[in-house]
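A.B. asks:
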Amino acid sequence: MTTFPEGFLWGAATAPHQVEGNNLNSDFWANEARVPGMERSGDACDSYHRYAEDMDLLADAGFTAYRFGLEWARIEPEEGLLSRAELAHYRRMIDAALDRGLTPVVTLQHFTHPRWFAEAGGWLAPDAVARFTRYVEAVCPILDGVEWVVTMNEPNMLSMMAALQRDMLAQQASGQWQSPTVDNARPAQLPAPDVEIGERLVAAHHAARAVLRARTDAKVGWSVANRAFEARPGAEAKLAELSWVWEDLYLAGSAGDDYVGVQSYSSQWVGPDGVEPHPEHPDNTLVGTAYRPDALAMAIRHTHAVTGLPVLVTENGIATAEDDRRIAYTSDALRGVAAAVADGIDVRGYLHWSLLDNYEWGHWRPTFGLVAVDRATFARTPKPSLAWLGSVARRNGL
Ligand code: IFM
């Protein structure tokens with residue numbers, strides 16, 4: 004049996020906007036209404052009300068951790084107006100996790116912002132870092148007993164989404180924009196993350212970290228989406244350039260953190276002209292990416308080489324309608340984690356994306372969950388992968 008270090012965390016992850024439902028005061032809710040071709044999040048999985056049921060599923064299956072997020076747009080629906088009721092709600096979630104023996108891994112910001120923040124200029128507004136810091140100060144009192152805090156989820160993808168929106172507005176202004184449909188809403192080629200925004204996010208992370216260190220006992224880090232780039236012969240310089248823009252700026256930003264979150268799904272080739280789109284292949288996932296369970300070990304090794312920090316796998320998973328493929332993918336990915344551990348890399352845990360089939364940022368079709376959700380009744384139906392990964396957790400081994 005392949006075993007994992009003692010105390011290794013085994014969990015699954017979700018994000019507020021993707022599971023809670025009716026995140027009315029968020030910028031993404033407004034985007035869904037505005038951008039043609041986007042499906043709406045609507046009630047999502049109604050986890051705002053059903054979080055206890057979600058946590059029961061995890062704990063009963065044998066997991067020891069749950070990563071979930073606090074929603075800034077609910078906590079501060081208007082600038083400076085803090086909702087005590089929402090803070091109490093999230094404190095109840097933290098207590099519910101602790102009561103079930105689930106270590107809460109709490110994300111403070113996962114792609115969405117309050118609508119007022121976006122309308123006031125988003126991350127490029129002069130007060131952006133101060134606004135985020137004020138929100139972080141507001142949530143510190145509810146973080147008692149929380150050992151792991153993720154200040155921001157995938158800041159590099161957030162900067163990419165800003166670039167995507169910038170390009171869309173420019174194309175709309177010049178009349179060149181073509182409305183996506185639900186099926187082609189995800190562009191084959193993503194624009195590079197906006198570096199100016201990336202640097203702002205690094206500053207915001209550092210400011211949040213200082214507040215969290217002063218007011219909580221939590222380990223502080225952030226989670227970076229890793230693309231596990233590989234260079235075609237002769238494309239090594241391009242790879243180095245793109246690695247900085249896509250990942251290493253953010254990994255460098257984690258210097259001084261307590262740990263770094265690794266998020267990995269697939270790997271992608273870099274040629275002399277840039278990132279190559281995933282070729283069409285029958286094994287591709289429901290989001291069009293190549294089936295690459297080995298990407299997680301590549302991501303861990305790259306992250307460790309750049310940061311030297313302890314690693315927590317904060318996301319890894321596959322969008323597939325076939326649950327046996329999810330089990331095959333995850334067991335191969337975990338073998339890669341075990342090999343990295345055997346090589347001396349300090350990996351603290353594995354959090355699968357996702358606990359539930361949830362709202363995938365404009366689509367419902369890509370299903371990443373260990374648990375299916377009926378969107379009309381919200382009934383949860385565990386897939387075999389939930390019991391399988393839970394049994395890995397119970398044995399702490401494959
Ligand atoms: O659903 C997303 C999540 O919000 C961030 N990481 C990648 C996941 C799958 O695309």
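Here the sequence shown stands for residues 4 to 401, numbered as in the working numbering.
Ideal Cβ positions, reconstructed from N, Cα and C, are used throughout, including at glycine.
Can you list, in chain order, the residues of its chain with a C-beta nearer than 7 Å to that of ALA47? Leave out the 5 residues immediately preceding and following it.
C.D. replies: GLN21, VAL22, GLU23, GLY24, ASN361 and TYR362
A.B. asks: With 16 as the cutoff for other CB atoms within 10 Å, does ALA345 come out buried or exposed?
C.D. replies: exposed
A.B. asks: Compute the beta-carbon to beta-carbon distance between LEU167 and LEU193, rounded to the nearest angstrom, for a pair I have assumed lies under 8 Å.
C.D. replies: 7 Å
A.B. asks: Please state whether DSSP places PHE120 in a helix, a strand or coil.
C.D. replies: Three-state result, PHE120: helix.
A.B. asks: Taking just the CA atoms, how far does ILE321 sit from PHE11?
C.D. replies: Going by the C-alpha atoms only, they are around 22 Å apart.
A.B. asks: Rounding to the nearest angstrom, what Cα-Cα distance links GLU244 and MET155 in this structure?
C.D. replies: 24 Å
A.B. asks: Just checking my contact of GLY14 with LEU354 at CB under 8 Å: how many whole Å lie between their CB atoms?
C.D. replies: 4 Å
A.B. asks: Taking its Cβ as the centre, do 16 or more other Cβ atoms sit within 10 Å of GLU318, making it buried, or is it exposed?
C.D. replies: buried
A.B. asks: Kindly list the residues whose CB is nearer than 6 Å to the CB of MET96, restricted to its own chain and excluding five residues on each side of it in sequence; keep chain order.
C.D. replies: TYR54
A.B. asks: Is DSSP giving THR323 helix, strand or coil here?
C.D. replies: coil
A.B. asks: Let me know the secondary structure DSSP gives ASN28 once reduced to three states.
C.D. replies: coil
A.B. asks: Among ARG328, GLY365, ASP377 and THR370, which residue has its Cα nearest to the Cα of TRP391?
C.D. replies: ARG328
A.B. asks: PHE120: which of TYR268, ASP261 and TYR138 sits nearest, CA to CA?
C.D. replies: TYR138
A.B. asks: From ASP30, ALA234 and LEU242, pick the residue whose C-alpha is nearest to that of ALA165; which is it?
C.D. replies: ASP30
A.B. asks: What residue does the beta strand (DSSP E) around TRP403 start on, and which one ends it?
C.D. replies: No information on residue 403 is available, as it lies outside the stretch 4 to 401 that the chain covers here.
A.B. asks: If you follow the beta strand (DSSP E) that GLN266 is in, where does it begin and where does it stop?
C.D. replies: 263-267
A.B. asks: Check for me: the alpha helix (DSSP H) holding PHE135 runs from which residue to which?
C.D. replies: 131-142
A.B. asks: State the start and end residues of the unbroken alpha helix (DSSP H) segment that holds TRP391.
C.D. replies: 387-398
A.B. asks: Quick check on the burial criterion: 16 or more other C-beta atoms within 10 angstroms. Buried or exposed for SER44?
C.D. replies: buried
A.B. asks: Apart from the five residues just before and just after THR5, which ones in its own chain have a Cβ nearer than 8 Å to its Cβ?
C.D. replies: LEU337, ARG338, ALA341, GLY400 and LEU401
A.B. asks: For ligand 1, I want to know if ALA298 counts as a neighbour, meaning its beta carbon is within less than 6 Å of at least one of the ligand's heavy atoms.
C.D. replies: no
A.B. asks: Give me the DSSP bridge partner(s) of GLY224.
C.D. replies: For GLY224, DSSP records a beta bridge to VAL153.
A.B. asks: Just to confirm, is the Cβ distance from ALA231 to SER257 under 7 Å?
C.D. replies: No, the pair does not count as a contact, with Cβ atoms beyond the cut-off.
A.B. asks: Could you tell me the distance, in whole angstroms, from the CA atom of VAL132 to the CA atom of PHE114?
C.D. replies: Between VAL132 and PHE114, the C-alpha separation is close to 15 Å.
A.B. asks: Cβ of GLU56 versus every heavy atom of ligand 1: is any distance shorter than 6 Å?
C.D. replies: Exclusion of GLU56 from the 6 Å shell around ligand 1 follows from its C-beta lying no nearer than that to any non-hydrogen atom of the ligand.
A.B. asks: Specify, as a first and last residue, the run of the beta strand (DSSP E) that PRO107 falls within.
C.D. replies: 106-110
A.B. asks: Roughly how many angstroms separate the alpha carbons of PRO369 and PRO285, rounded to a whole number?
C.D. replies: Straight-line Cα distance between these residues: approximately 15 Å.
A.B. asks: Check each candidate in TYR262, ALA141 and ILE348 and name the one with the smallest Cα separation from GLY83.
C.D. replies: The residue among TYR262, ALA141 and ILE348 with its C-alpha nearest the C-alpha of GLY83 is ALA141.
A.B. asks: On the criterion of 16 or more Cβ atoms from any shown chain inside 10 Å, does PRO3 qualify as buried, or is it exposed?
C.D. replies: The chain is shown from 4 up to 401; residue 3 falls before or after that span and cannot be answered.
A.B. asks: Under the rule that 16 or more other beta-carbon atoms within 10 Å means buried, what is THR323, buried or exposed?
C.D. replies: buried
A.B. asks: If contacts are defined as beta-carbon pairs under 8 Å, then TRP225 and PRO158 qualify, I think. What distance do you get, rounded to the angstrom?
C.D. replies: 6 Å
A.B. asks: With distances taken Cα to Cα, identify the nearest neighbour of GLU81 among PRO385, ASN28 and ARG218.
C.D. replies: ASN28
A.B. asks: Which value, in whole angstroms, describes the spacing of the CA atoms of THR184 and MET41?
C.D. replies: Per-residue confidence for THR184 stands at a pLDDT of 45, beneath the threshold of 50, marking its modelled position as unreliable; the derived number appears in the next sentence. Distance from the CA of THR184 to the CA of MET41, rounded to the nearest whole angstrom, comes to 7 Å.
A.B. asks: In whole angstroms, what separates the C-alpha of PRO275 from that of GLU233?
C.D. replies: Between PRO275 and GLU233, the C-alpha separation is close to 12 Å.
A.B. asks: CA-CA distance, ASP186 and ALA211?
C.D. replies: Unreliable placement is indicated for ASP186, whose pLDDT of 46 sits below 50; the coordinate value is still reported in the next sentence. When rounded, the separation of the alpha-carbon atoms in ASP186 and ALA211 is 38 Å.
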